[in-house]
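>
2 protein chains.
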Amino acid sequence: MPQLRQDLITGKWVIIATERARRPHSFSETKRITPKKTKICPFCYGNEYMTPPEVLAFRDNGKPNSSGWKVRVVPNKFPALIHEGKPELIKNGIYSTMSGVGAHEVIIHSPHHDLLLPLMNEEQVELVLKAYLIRYKELSKDLNLRFIHIIVNHGKEAGASLDHPHSQLFGLPIVPSFVMDELDGSKKYYNKFKKCVYCEIIKNEIRDGGRVIEETDEFIAFEPFASKLPFETWIIPKKHMEHFSDMSESELRDCSKVLRNTMKKIYDGINDPPLNYWLHSAPLHNQYKNYHWHFEIIPKLTTTGGFELGTGTIINTALPEECAKYLRKF
Amino acid sequence: MPQLRQDLITGKWVIIATERARRPHSFSETKRITPKKTKICPFCYGNEYMTPPEVLAFRDNGKPNSSGWKVRVVPNKFPALIHEGKPELIKNGIYSTMSGVGAHEVIIHSPHHDLLLPLMNEEQVELVLKAYLIRYKELSKDLNLRFIHIIVNHGKEAGASLDHPHSQLFGLPIVPSFVMDELDGSKKYYNKFKKCVYCEIIKNEIRDGGRVIEETDEFIAFEPFASKLPFETWIIPKKHMEHFSDMSESELRDCSKVLRNTMKKIYDGINDPPLNYWLHSAPLHNQYKNYHWHFEIIPKLTTTGGFELGTGTIINTALPEECAKYLRKF
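Residue numbers (the working numbering), protein chains in the order written: chain F, -5 to 324; chain X, -5 to 324.
1. Could you name the residues of chain F that Met(-5)/X contacts, counting a contact when the two beta carbons are closer than 7 angstroms?
2. Per DSSP, what are the beta-bridge partners of Leu273/X in this structure?
3. Between Tyr126/F and chain X, is the shortest Cβ-Cβ distance under 7 angstroms, so that the two count as touching?
4. Rounding to the nearest angstrom, what Cα-Cα distance links Leu177/X and Val67/F in this structure?
5. So, using beta-carbon positions, are Ile3/F and Val173/F closer together than 7 angstroms?
6. In chain order, what residues of the same chain have a beta carbon less than 7 angstroms from the beta carbon of Leu133/F, not counting five sequence neighbours either side?
7. Buried or exposed: where does Tyr320/X fall if 16 or more other Cβ atoms within 10 Å of its Cβ makes it buried?
8. Which one or two residues does DSSP pair with Phe164/F in a beta bridge?
9. Could I get the ranges of all uninterrupted alpha helix (DSSP H) runs contained in the segment 50 to 120 of chain X, with 4 residues as the minimum, in chain order?
10. Identify the contact partners of Lys232/X in chain F, using a Cβ-Cβ distance below 7 angstroms as the criterion.
11. Here's a check: name, in chain order, each residue in its chain whose Cβ is nearer than 7 angstroms to the Cβ of Gly263/X, leaving out the five neighbours to either side.
12. Could you give the C-beta distance for Pro36/F and Leu109/F, rounded to a whole number, given that I count them as a contact under 8 angstroms?
13. The beta strand (DSSP E) that contains Thr227/F, what's its start and end?
14. Mind checking Ser104/F: buried by the 16 CB within 10 Å criterion, or exposed?
15. Would the beta-carbon of Glu212/X fall within 7 angstroms of that of Thr256/X?
16. Under 8 angstroms by Cβ, that's how I've got Ala152/F and Pro268/F pegged, so tell me the actual separation to the nearest angstrom.
17. So what does DSSP say about Asn310/X, is it helix, strand or coil?
18. DSSP three-state call for Arg26/X: helix, strand or coil?
19. Using 8 angstroms for Cβ pairs, my map puts Thr298/X next to Trp7/X. What's the rounded Cβ distance?
20. Figure out for me which residue from Ile292/F, Glu99/F, Asn41/F and Asp136/F has the closest Cα to the Cα of Ala215/F.
21. In the DSSP output, which residue or residues are listed as bridge partners for Glu208/F?
22. If we cut at 7 angstroms on Cβ distances, does Ile309/F have a partner in chain X?
23. Going by the beta-carbon positions, is the gap between Pro(-4)/X and Thr12/X smaller than 7 angstroms?
24. Check each candidate in Pro58/F, Val100/F and Glu78/F and name the one with the smallest Cα separation from Glu71/F.
25. Between the C-alpha atoms of Thr32/X and Leu253/X, what's the straight-line distance to the nearest angstrom?
26. Can you tell me whether Tyr43/F is buried or exposed? The criterion is at least 16 other CB atoms within 10 Å of its CB, across all chains shown.
27. So Trp228/X packs on Phe289/X, CB below 8 angstroms; how close in whole Å?
28. Does Phe172/X get closer than 7 angstroms to chain F when you measure Cβ to Cβ?
29. May I ask which residues mark the beginning and end of the alpha helix (DSSP H) holding Leu303/F?
30. Can you give me the C-alpha to C-alpha distance between Cys193/X and Lys64/F, rounded to a whole angstrom?
31. If we ignore side chains and look at the alpha-carbon of each, how far apart do Glu316/F and Pro224/F end up?
32. For a contact defined as C-beta to C-beta under 8 angstroms, what are the partners of Gly299/X on chain F?
33. Please tell me whether Phe219/F and Tyr271/X are closer than 7 angstroms, where the distance is taken between their beta carbons.
34. Taking the alpha-carbon positions, what's the Lys85/X to Ile76/F distance?
35. Ile10/X bridges to which residues according to DSSP?
36. Which first and last residues belong to the alpha helix (DSSP H) in which Tyr183/X is found?
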């Protein structure tokens, strides 16, 4: 019998289609993604002139915008939002528009064209997260921005247009709808039970254990009970923390370790699939004491159609318990 | 300057990325989808035994489950939901599940393996919509179902697994989140302005004209002001109607004409792209007097990444006004 599962935070349902279910190992038949060598890559050493001037770089030597860096952050050359002026709300008859003010940056993970995050050493992953944190803190000061979204698109099927491993950071003048859904849900839960719904989930997942993939002193990685897609994985601090920027240095180190190990299990277990991950952290400039930041990782293993696009309800063809059990082996 | 546009119904924002914008004709370079001949197609004449027994067929002659039909409706062989028993809510520790009770049917558009909807004559499209309507009305009586979703997935990239043109009907025991967003939004609008927000939009679009693609006495097809993706198109009755099943026979005829003509413009203008369309109609067994049923058509021309998946906010790389102007020419 198929099963519907309800997301405890947002109340949204997913369908776990057991009649169409696939065993976790069957997903490992996806094609491995190998970054293609390109003649000229704007993210490789020597081509720093091809990007807008850097806003951050970790380097032992060398001048800004020259080689020698370990992680480099630059504004996106083709930005979805422009970092200038104020976001103004304009009435357009019955409709509303806003000028597209915001930030759009690229975090280049390393100078190596084919060094994927799961194959990096822990120090390098830590530098990537440190770059996230510094830019997050810096842009948090901007009163024109209300939300910061950091993502990785890995593989063409997951929306990547450049192979060289990188993240993108978006500073938005609005709070996006999926985050609003989580904020509303966690507030409702708090009003009813006087508890953070995320802290409750963490406690439950540790006790249950069946959906956990990695656990350290400070973080756990697990597959949510109402996983939307096969191998959906969350990485979340055990301690209650609203904002990504609330992390201490030792927590950042621990988070890097869990992120790398989780990505390595996905890399080994399902043959380096195309994937996306993103950060959900509380909106800026306000207290959201019921929210709890986390990363969400979703491999792109299936194609969504009119059912998913039209309803927002996803038909998941794998059981999260089976996926977690499978990944733990790697 | 990029622009954010707010959906008047749900309040959700989209980003119109003018810096990354593409001219409408550039989308016509997508590959044309031609249904592949397969040795044995379960939806072709002579293979009726390969599907579960039909629940509806229009035929001039022949016995049930034999050839001679014009449109045929069968239960899905690999259903996402099962049409038996009652949907029971089960507590599973802190989480909730529900048994996957619902309907999942396939509407085979015609016996012809490669006759796409935009290439059909109007009578055949009318028969397809008539099949939607009859099954919609029949399943509406089932008190276990709360919402009926009808979709088309055209092309592999849009989630189609069989080439022979067909629709799918899902009877759901829940109201899905995107429909809830529209219901909540239209209720709020009504409470504030004492008007149906959809009727307001229709009036506005007819007056403005810039985003309209087709207009008849009873229906219009237009690109929404806050289009999520290039060439998103809605088909909506001008008269206020909550439920798809409220349509009269003459309205059904008019709707078929507009659906066919709009699909033909997309077929000709952007070279038969992969696409999805779906029906949004009010949930069952209750009055939703502020809701207004419609079809949403979205060609699959871009790849979504971690930004869209993580935020629910879409970066649209085309202006709906330009897309509508382009489609009107065909």
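By construction, the Cβ of each residue, glycine as well, lies at the ideal position given by its N, Cα and C atoms.
So, from the data block:
1. Neighbours of Met(-5)/X in chain F, taken as residues whose beta carbon is under 7 angstroms from its own, are Ile76, Ser93 and Gly94 in chain order.
2. In the DSSP assignment, the residues bridged to Leu273/X are Phe289/X.
3. With its beta carbon at least 7 angstroms from every one in chain X, Tyr126/F lies outside the interface.
4. Going by the C-alpha atoms only, they are around 42 angstroms apart.
5. 7 angstroms or more divides the Cβ of Ile3/F from the Cβ of Val173/F.
6. A distance below 7 angstroms between beta-carbons, with the five flanking residues on each side excluded, links Leu133/F to the following residues of its chain, in chain order: Ala97, Leu139, Ile142 and Gly165.
7. So Tyr320/X counts as buried.
8. Beta-bridge partners of Phe164/F (DSSP): His98/F and His143/F.
9. As far as the segment 50 to 120 of chain X is concerned, it has no whole alpha helix (DSSP H) run of at least 4 residues.
10. For Lys232/X, no chain F residue has a C-beta closer than 7 angstroms to its own C-beta; the minimum C-beta separation is roughly 17 angstroms.
11. In its chain, beyond the 5 residues on either side, Ser22, Tyr320, Leu321 and Phe324 have a beta carbon closer than 7 angstroms to the beta carbon of Gly263/X.
12. About 16 angstroms separates the beta carbons of Pro36/F and Leu109/F, which is beyond the 8 angstroms limit, so they are not a contact pair.
13. Start and end: Thr227 to Pro231.
14. The residue in question, Ser104/F, is buried, as its Cβ has 16 or more Cβ neighbours within 10 Å.
15. For the 7 angstroms CB-CB criterion, Glu212/X and Thr256/X do not form a contact.
16. Contact annotation, Ala152/F with Pro268/F: C-beta distance approximately 4 angstroms; criterion of less than 8 angstroms satisfied.
17. For Asn310/X, the secondary structure class from DSSP, reduced to helix, strand or coil, is strand.
18. Three-state DSSP puts Arg26/X in coil, outside helix and strand.
19. With a Cβ gap of about 16 angstroms, Thr298/X and Trp7/X do not count as contacting.
20. Closest by alpha carbon: Ile292/F.
21. Ala215/F, per the DSSP bridge assignment.
22. Output row for Ile309/F: interface = yes.
23. For Pro(-4)/X and Thr12/X, yes; Cβs fall inside 7 angstroms.
24. According to the sequence displayed, residue 71/F carries Lys and not Glu. It is Val100/F.
25. Whole-angstrom Cα-Cα distance: 28 angstroms.
26. Tyr43/F is exposed by the Cβ-count criterion.
27. The Cβ separation is near 7 angstroms, so the contact holds.
28. Interface residue, yes.
29. The continuous alpha helix (DSSP H) containing Leu303/F extends over residues Gly300 to Thr305.
30. Cα-Cα distance, rounded: 56 angstroms.
31. Here the alpha carbons of Pro224/F and Glu316/F stand approximately 10 angstroms from one another.
32. Around Gly299/X, the beta-carbon contacts reaching into chain F at under 8 angstroms are Ile145, Asn147, Ala152, Gly153, Ala154 and Asn270.
33. At the C-beta level, Phe219/F and Tyr271/X stay beyond 7 angstroms of one another.
34. Using only the alpha carbons, I get a separation of about 47 angstroms.
35. Under DSSP, Ile10/X takes part in a beta bridge, and its partners are Gln(-3)/X and Asn310/X.
36. Its alpha helix (DSSP H) spans residues Ser171 to Phe187.
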